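Below: one structure, written as C-alpha cells.
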Amino acid sequence: MADTIAFARFEQAVMPHLHAAYNLARWLLRDHHDAEDAVQDAYLRAFRFFDSFDGVDARAWLLAIVRNRCRSVLGQSSRRAEVTEFDEKMHTADDSAPDPESGALRNAEIVSLRTCIDYLPAEYREVVVLRELEQMSYKEISVAVAVPVGTVMSRLARARIRLKDCITARVRGVAR
Amino acid sequence: MTCDAARELISPLLDAELDAAQASEVERHIQTCIACAELQFEYLQLRERVRADAPYYSATEELRAQIDRALRQAASAKERRRAPWGWIALASAAGFAAALVLAFLLGPKMFHSEQAGGDLIAQEVVSSHVRSLMASHLIDVRSSDQHTVKPWFAGKLDFSPKVKDLGPQGYALTGGRLDYLDGRPVAGLVFQRRQHVINLFVWPSTAQSGSRLSTFAITGFNIVHWSEAGLMYWAVSDLNAAELREFAQLYSE
Ligand SMILES: [Zn+2]
Numbered sequence: 001m002a003d004t005i006a007f008a009r010f011e012q013a014v015m016p017h018l019h020a021a022y023n024l025a026r027w028l029l030r031d032h033h034d035a036e037d038a039v040q041d042a043y044l045r046a047f048r049f050f051d052s053f054d055g056v057d058a059r060a061w062l063l064a065i066v067r068n069r070c071r072s073v074l075g076q077s078s079r080r081a082e083v084t085e086f087d088e089k090m091h092t093a094d095d096s097a098p099d100p101e102s103g104a105l106r107n108a109e110i111v112s113l114r115t116c117i118d119y120l121p122a123e124y125r126e127v128v129v130l131r132e133l134e135q136m137s138y139k140e141i142s143v144a145v146a147v148p149v150g151t152v153m154s155r156l157a158r159a160r161i162r163l164k165d166c167i168t169a170r171v172r173g174v175a176r
Numbered sequence: 001m002t003c004d005a006a007r008e009l010i011s012p013l014l015d016a017e018l019d020a021a022q023a024s025e026v027e028r029h030i031q032t033c034i035a036c037a038e039l040q041f042e043y044l045q046l047r048e049r050v051r052a053d054a055p056y057y058s059a060t061e062e063l064r065a066q067i068d069r070a071l072r073q074a075a076s077a078k079e080r081r082r083a084p085w086g087w088i089a090l091a092s093a094a095g096f097a098a099a100l101v102l103a104f105l106l107g108p109k110m111f112h113s114e115q116a117g118g119d120l121i122a123q124e125v126v127s128s129h130v131r132s133l134m135a136s137h138l139i140d141v142r143s144s145d146q147h148t149v150k151p152w153f154a155g156k157l158d159f160s161p162k163v164k165d166l167g168p169q170g171y172a173l174t175g176g177r178l179d180y181l182d183g184r185p186v187a188g189l190v191f192q193r194r195q196h197v198i199n200l201f202v203w204p205s206t207a208q209s210g211s212r213l214s215t216f217a218i219t220g221f222n223i224v225h226w227s228e229a230g231l232m233y234w235a236v237s238d239l240n241a242a243e244l245r246e247f248a249q250l251y252s253e
C-alpha cells in the first residue's frame, strides 16, 4: 500500500538522524526533557510534511524543523533564552578544587568548555554544534538554520572568538 | 592581503570552505604574519578541544521507541479517518501528506476556536515559510503575471485565491505553489521585496465576516493576518513589520 511505503520511506530517510536531532535540541534547550519533547514534536511535523522534503539532505531538512521547534520553545519561555538567568550550578558542581593528580583538572577543563558553549547566544551555539559535532558544511548548516552561507561563515567566526575569549577568561578565573 | 581581511578568513580556511585562490592568499599572508599565524593556531586548538571535549548528546532508545509509536499512531489515525469521511478523492489528488495532515489536525485536541487557533496557525505559517525557503520548494509556478498564477491554482484547490501583483509598489509577485496548512491544501503566493521573500498563504475562512489586519511576530518573522470574502490571508516574512503591513494593506484593498 502506498501509505505503508511512504511510512517506510520516512523511517529510512529520517530516523537515522535521531541522534543529530536530539543533540541539537539538547544543546539549544539545555534540558533533557524539553529536548525530547521538541524532537518528538519535530518528528511528527516532519512526517506530516514529508512530501515537502526534496530528497536531497534529510539531516539538514530534519534539523531545520528541530531547530524551528527549539526556537519557538525558547521564544515561549524567554526566561530560558536569557543567558543572564542561566543556571551555572549544574556546570560547576564538579568544578571545585581542581587537583592535577586525580584528573579533576581535566574534568574542570571539560566543564569549562561546556559552560562556555552554553553561554553562547543560541544563534552562535547552533552553528558551533552543527559544524564541530555534526561536521556539517556551511551549505548544509545554512539549510538547517535557514540563513545564507555568508551568515553561517560570519556567525561561526564570531562564535569562535567568543568561545576563545570565554575559555581564556575562565582559565584566569575571571568568569568564576 | 591585510591582517583584517585575513583574520576574517581564517575561520572558513580551517573549515575548508574557501576556494583555492582565496585559501592560498590567506595561507601566503599567514606565512609572513606572526599575529595571524598565532590566531590560526588558536582556532585550531579550539577546534580540537571542542571536538574532543564537548559532549555529543545521544538520543535514548526510549525516545526512539516513543517517537516510533507516535508516528505509527499518526499514520493509522489517518487510515481510520480518511475512508468514512469520504476524503479519498482529495487525498489521492493531493497526496499522502495532505490526508495525513487532515487526520492529524482534526484530532480532538486540535479543534479550536478562531481565537485560540490564531497562535497555532501563526506558528504553522512561520514553519511553512521557513520550509519554503529551503532548496527547491519555494515555487511551483514561476511567474510575475497574476493571470498566469491565478489559473494555475484552478483544479488544484477548491477555492480561488485573489492574486495581485504589487510590483509597481515594490512587492513583486514571483510565483505560487501548493502548500499544506491548518489541515488542508492552501495557496502559497510568493513575493519579493529587496532580498526579502514574502509568503502569502490563502485558504477558506470558517468565520462569516471579514477581519481587519492583525500583526504577530514569532521568532524573528513578522506575520500579518486578515480575512475577506470568505478567505483567510496570512502574510509572513523576515521583512520589517511596517513594510509587511503596508504590503497587506495594498493587497487587501
Ligand atoms: Zn596578519
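So the protein sequences, as listed, match chains A and B.
Take 1 as the starting number for the first sequence in the numbering used here and just add one per residue.
Take 1 as the starting number for the second sequence in the numbering used here and just add one per residue.
Glycine included, every Cβ here is placed at the ideal spot set by N, Cα and C.
None of these values were measured; they are calculated from a predicted model.
Reference residue i; option with closest CA among the options
| i | options | result |
| --- | --- | --- |
| residue 165(A) | 119(A), 148(A) and 110(A) | 119(A) |
| residue 23(B) | 34(B), 198(B) and 10(B) | 10(B) |
| residue 2(B) | 21(B), 17(B), 33(B) and 19(B) | 33(B) |
| residue 50(A) | 47(B), 240(B), 179(B) and 148(B) | 179(B) |
| residue 235(B) | 229(B), 242(B) and 222(B) | 222(B) |
| residue 205(B) | 189(B), 182(B) and 37(B) | 182(B) |
| residue 46(A) | 64(A), 33(A), 27(A) and 36(A) | 64(A) |
| residue 253(B) | 227(B), 240(B) and 239(B) | 227(B) |
| residue 52(A) | 130(B), 175(B) and 73(B) | 130(B) |
| residue 187(B) | 76(B), 127(B) and 231(B) | 231(B) |
| residue 120(B) | 124(A), 125(A) and 73(A) | 73(A) |
| residue 248(B) | 240(B), 238(B), 239(B) and 225(B) | 225(B) |
| residue 217(B) | 185(B), 242(B), 46(B) and 20(B) | 242(B) |
| residue 179(A) | 132(A), 9(A), 104(A) and 10(A) | Residue 179(A) lies beyond the residue range present for chain A, which begins at 1 and ends at 176; the question has no answer from this structure. |
| residue 207(B) | 199(B), 51(B) and 233(B) | 233(B) |
Host beta strand (DSSP E) of residue i (start-end)
| i | result |
| --- | --- |
| residue 221(B) | 221 to 228 |
| residue 216(B) | 211 to 218 |
| residue 66(A) | No beta strand (DSSP E) contains residue 66(A), which is instead part of the alpha helix (DSSP H) from 58 to 76. |
Same chain only: Cβ atoms within 6 Å of residue i, ignoring 5 sequence neighbours per side
| i | result |
| --- | --- |
| residue 250(B) | 166 and 169 |
| residue 6(B) | 26, 29 and 36 |
| residue 12(B) | 18 |
8 Å CB neighbourhood of residue i in its chain, flanking five on each side removed
| i | result |
| --- | --- |
| residue 170(A) | 112, 115, 116 and 176 |
Other residues of its chain near residue i: CB distance less than 7 Å, five sequence neighbours each side excluded
| i | result |
| --- | --- |
| residue 39(A) | 21, 22, 25 and 66 |
| residue 140(A) | 57 and 60 |
| residue 149(A) | 138, 139 and 142 |
| residue 144(B) | 165, 167, 172, 173 and 174 |
| residue 13(A) | 58 |
| residue 133(B) | 197 |
Beta carbon proximity, residue i to chain B, threshold 8 Å
| i | result |
| --- | --- |
| residue 43(A) | yes |
| residue 120(A) | no |
| residue 107(A) | no |
| residue 8(A) | no |
| residue 171(A) | no |
| residue 63(A) | no |
| residue 12(A) | no |
| residue 131(A) | yes |
| residue 124(A) | no |
| residue 19(A) | yes |
| residue 163(A) | yes |
| residue 29(A) | no |
| residue 114(A) | yes |
| residue 75(A) | yes |
| residue 36(A) | yes |
| residue 160(A) | yes |
| residue 66(A) | no |
Beta carbon proximity, residue i to chain A, threshold 8 Å
| i | result |
| --- | --- |
| residue 138(B) | no |
| residue 116(B) | Note that residue 116(B) scores a pLDDT of 38, beneath 50, so its modelled location is shaky; the value from the coordinates is reported in the next line. With 8 Å as the cut-off, residue 116(B) does not count as an interface residue toward chain A. |
| residue 34(B) | no |
| residue 157(B) | no |
| residue 54(B) | yes |
| residue 74(B) | yes |
| residue 12(B) | yes |
| residue 71(B) | yes |
| residue 253(B) | no |
| residue 247(B) | no |
Under the three-state DSSP convention, the category residue i falls into
| i | result |
| --- | --- |
| residue 169(A) | helix |
| residue 87(A) | No answer about residue 87(A) holds up, because its pLDDT of 45 lies below 50 and its placement is not dependable. |
| residue 240(B) | coil |
| residue 190(B) | strand |
| residue 139(B) | coil |
| residue 176(B) | strand |
| residue 181(B) | strand |
| residue 168(B) | helix |
| residue 146(A) | coil |
| residue 124(A) | helix |
Unbroken alpha helix (DSSP H) run spanning residue i, endpoints
| i | result |
| --- | --- |
| residue 151(B) | 146 to 153 |
| residue 47(B) | 34 to 53 |
| residue 105(A) | 104 to 119 |
| residue 133(A) | Looking at the DSSP string, residue 133(A) is not in any alpha helix (DSSP H), and its letter there is neither H nor E. |
| residue 39(A) | 32 to 48 |
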